[in-house]
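A.B. asks:
There are 2 protein chains.
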Amino acid sequence: MVTNSRAKSVLIGTLAERTGVNIETIRYYERVGLLPSPPRSEGRWRVYDEEHIQLLNFVRRSRELGFSLDDIRALLALVDDGNTECGAAKKIALRHLADVHGKITSLKRLERALKNMTDACRPGDQSSCPIIEALNTSAEARAS
Amino acid sequence: MVTNSRAKSVLIGTLAERTGVNIETIRYYERVGLLPSPPRSEGRWRVYDEEHIQLLNFVRRSRELGFSLDDIRALLALVDDGNTECGAAKKIALRHLADVHGKITSLKRLERALKNMTDACRPGDQSSCPIIEALNTSAEARAS
DNA sequence: GCTTGCATCTGTAGCAGCTACAGATAGTAG
DNA sequence: CTACTATCTGTAGCTGCTACAGATGCAAGC
């Protein structure tokens with residue numbers, strides 16, 4: 003028994019509300035092939051159903067985890083293929099994890115350097131600004 | 003005694019080499035008002051001197067520390083004013099530091115979430131992929 | 001039927017911070 | 001004079017949206 007008649011369909015505004023994704027962003031995702039083009043009403047309005055909502059939620063959560071649109075396309079392709087074998091998905095996630103880890107490492111380095119600079123700077127206490135000094139001094143000079 | 007004659011001037015290619023900044027990037031910085039327009043040769047080629055090299059090095063190091071071009075513009079304005087009082091520079095640096103710190107915090111959260119996902123995923127070990135599951139499951143469901 | 005008022009439509013441009021290319025000159029070495 | 005390289009300008013592309021303008025769609029009230 004097909005339950006088509008019970009699948010309540012919604013317009014883009016409702017989809018946006020339900021998923022917390024901006025309307026313009028939804029259209030953007032469709033344009034770049036991340037979401038399928040939904041059927042249109044007589045007046046050419048996009049009409050979405052439950053499946054679209056699930057799909058967009060998947061995309062939103064992936065974005066919240068920082069996956070690139072390319073990664074998400076790949077993950078969605080795996081889902082579409084009914085691929086339950088984890089290998090490919092794990093590979094994508096691990097690569098992303100390594101990327102995030104690398105970003106954290108370099109941001110921490112940055113944080114330390116900035117903290118050193120700002121700690122050295124005590125306004126009113128001296129005549130020259132160590133921040134400006136640091137930026138004016140060559141890396142080689144600072145290393146020595 | 004003016005030592006103008008001893009200031010060796012260089013073309014953009016040499017400036018790029020000396021500072022490690024891409025030629026196109028140098029022209030871009032000039033276009034967006036980060037660097038002053040240098041004098042031109044007869045044939046309309048940009049001619050730089052020592053001061054330009056110093057300036058571009060300042061910009062490069064600031065970029066390496068993650069300052070935005072807007073921040074760098076502000077820092078350069080302080081230098082130009084001969085402002086040796088640290089207050090303004092420190093404010094800029096502290097704001098940036100807070101920004102970096104915030105980024106680290108949210109990336110760490112991300113890292114943990116990703117690690118949980120990938121740890122749960124043992125390819126070949128089970129029938130459904132926990133990564134895909136996680137992305138398919140609503141945040142509310144996961145929280146409960 | 002007609003108007004009001006909102007939702008949605010398409011297409012385009014903007015954000016940061018570059019990077020890359022095409023096609024035109026400038027300058028130099030042989 | 002010819003090659004060859006350097007530089008020039010102007011424009012478009014990258015990621016992931018976001019914001020507009022101007023044109024329609026559509027339901028409700030009068």
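Which chain is which? The protein sequence lines are C and P, in order.
Everything in the first sequence is counted per the numbering used here, starting at 3 for the first residue and increasing by one.
Everything in the second sequence is counted per the numbering used here, starting at 3 for the first residue and increasing by one.
A virtual CB, placed ideally from N, CA and C, is assigned to each residue, including glycine.
Closest to P:ARG114 by CA distance: which of C:LEU112, C:ILE106, C:ALA115 is it?
C.D. replies: For this step, residue 114 of chain P is matched to residue 112 along the second sequence. For the residues C:LEU112, C:ILE106, C:ALA115, the minimum Cα distance to P:ARG114 belongs to C:ILE106.
A.B. asks: So P:ASP51 packs on P:SER11, CB below 8 Å; how close in whole Å?
C.D. replies: One-based indexing of the second sequence puts residue 51 of chain P at position 49. One-based indexing of the second sequence puts residue 11 of chain P at position 9. Between P:SER11 and P:ASP51 the Cβ distance is about 5 Å, and since that is below 8 Å, they are a contact.
A.B. asks: Mapping DSSP to helix, strand and coil, what is C:VAL34?
C.D. replies: Here residue 34 of chain C refers to the residue found at position 32 of the first sequence. Of the three classes helix, strand and coil, the one that applies to C:VAL34 here is coil, per DSSP.
A.B. asks: What separation, rounded to the nearest whole angstrom, lies between the Cα atoms of P:ILE14 and P:LEU99?
C.D. replies: For the purposes of this step, residue 14 of chain P is taken as the residue at position 12 of the second sequence. For the purposes of this step, residue 99 of chain P is taken as the residue at position 97 of the second sequence. Looking at the two C-alpha atoms, the distance is approximately 33 Å.
A.B. asks: If we ignore side chains and look at the alpha-carbon of each, how far apart do C:CYS131 and P:ALA91 end up?
C.D. replies: As a position in the first sequence, residue 131 of chain C is number 129, starting the count at 1. As a position in the second sequence, residue 91 of chain P is number 89, starting the count at 1. Going by the C-alpha atoms only, they are around 8 Å apart.
A.B. asks: For my contact list, P:GLY35 and C:LEU112 are in at a C-beta cut-off of 8 Å; report their separation, rounded to the angstrom.
C.D. replies: Against the second sequence, residue 35 of chain P aligns to sequence position 33. Against the first sequence, residue 112 of chain C aligns to sequence position 110. 25 Å between Cβ atoms; not a contact.
A.B. asks: Across which residues does DSSP place C:ARG42 in a beta bridge pair?
C.D. replies: One-based indexing of the first sequence puts residue 42 of chain C at position 40. Its beta-bridge partners are C:ARG48.
A.B. asks: For C:GLU19, would you say it is in contact with chain P, using Cβ-to-Cβ distances shorter than 8 Å as the test?
C.D. replies: The residue you call residue 19 of chain C lines up with position 17 of the first sequence. It does not: the Cβ of C:GLU19 has no partner Cβ on chain P nearer than 8 Å.
A.B. asks: For P:ASN138, go through chain C and note every residue whose CB falls closer than 9 Å to its CB, in chain order.
C.D. replies: Start at 1 with the first residue of the second sequence, and residue 138 of chain P comes out as number 136. Those are GLN56, ASN59, PHE60, ARG63, VAL81, listed as they occur along chain C.
A.B. asks: Can you check whether the C-beta of P:LEU96 is within less than 8 Å of a C-beta belonging to chain C?
C.D. replies: Taking the second sequence and counting its residues from 1, one reaches residue 96 of chain P at position 94. Judged by the 8 Å Cβ criterion, P:LEU96 is in contact with chain C.
A.B. asks: Is it right to say C:THR120 is buried, meaning 16 or more other beta carbons lie within 10 angstroms of its own, or is it exposed?
C.D. replies: Position 118 of the first sequence, counted from the start, is the residue given in the question as residue 120 of chain C. Classification of C:THR120: buried, given that the 10 Å Cβ count is 16 or more.
A.B. asks: Within 10 Å of its beta-carbon, does C:THR16 have 16 or more other beta-carbons around it, so buried, or fewer, so exposed?
C.D. replies: Residue mapping note: residue 16 of chain C aligns to position 14 of the first sequence, counting from 1. Burial call: exposed.
A.B. asks: Assign C:VAL12 to one of three DSSP states: helix, strand, or coil.
C.D. replies: One-based indexing of the first sequence puts residue 12 of chain C at position 10. Looking at C:VAL12 - three-state DSSP - the assignment turns out to be strand.
A.B. asks: In terms of residues, what are the limits of the alpha helix (DSSP H) holding C:SER130?
C.D. replies: For the purposes of this step, residue 130 of chain C is taken as the residue at position 128 of the first sequence. Per DSSP, C:SER130 belongs to no alpha helix (DSSP H) and is neither H nor E.
A.B. asks: Looking at the unbroken alpha helix (DSSP H) that takes in C:GLY22, where does it start and where does it end?
C.D. replies: In the first sequence, counting from the first residue as 1, residue 22 of chain C sits at position 20. Where C:GLY22 is concerned, there is no enclosing alpha helix (DSSP H), given that its DSSP letter is neither H nor E.
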